[in-house]
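This report refers to the structure that appears directly beneath it.
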């Protein structure tokens, strides 16, 4: 196993082509005080904490039932966090797609910093190919392959989560297992449809061809 401390935007070559287990795949560390991450999440009731998470099905959630872990999704910038949650893969470039402003009022953003070093499994584009995994494993659908891999990663107690590239922005995202939540620190959440986020939110909706009603 190789441990590397590196910016998340750096592509890392996997050490063993067509790795058959996670011991052969690449692990790397995210240092304390790494530049801030962003989390965008739905909070209709207003009581969800900035690092709160449920056990619903998602890209890197536990495939087992009952689930053993929940997952916290982060991204290196606001656009990527926004695109990975509000903008869906099927919506890109589709004319006539709209979102209700009332529904968007329930979405929040928080900034997250790393308090203790995280060790994650690298699933960036080049690493996937060299490890014998299909790049679509980190895509939006279906969730089954990513969930299977997340379950395997969770079984390795050394790992805190998964690093992967956004299908939409090609920038780095993190799926952090809830057992490592204590290694993160979040700011109070803010509504994406209120200042200072509203202007950027409207800009991104336009950029991704999503209408607002």
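Numbering (the UniProt record's numbering), first residue to last: 1 to 213.
The beta-carbon is built from N, C-alpha and C at its ideal position, and this holds for glycine as well.
Since we're looking at a predicted model, the values are computed, not measured.
* At least three beta-carbon pairs within less than 8 Å, the region 105-115 to the region 181-191 -> yes
* Cβ-based burial, residue 102 [other Cβ within 10 Å; buried from 16] -> exposed
* Identify every run of the beta strand (DSSP E) within the region 53-115, keeping only runs that are complete inside it and at least 3 residues long; order them along the chain. => 71-75 and 107-114
* Just mark residue 76 as buried or exposed, buried being the case when its beta carbon has 16 or more other beta carbons within 10 Å. => buried
* Cβ shell of residue 78 (< 6 Å), same chain only, five flanking positions each side left out -> 38
* Asked: In the structure shown, what three-state DSSP assignment does residue 211 receive?
  -> strand
* Asked: In terms of residue numbering, what span does the beta strand (DSSP E) encompassing residue 165 cover?
  -> 161-165
* Expressed to the nearest angstrom, what Euclidean distance is found between the alpha-carbon atoms of residue 105 and residue 148? -> 33 Å
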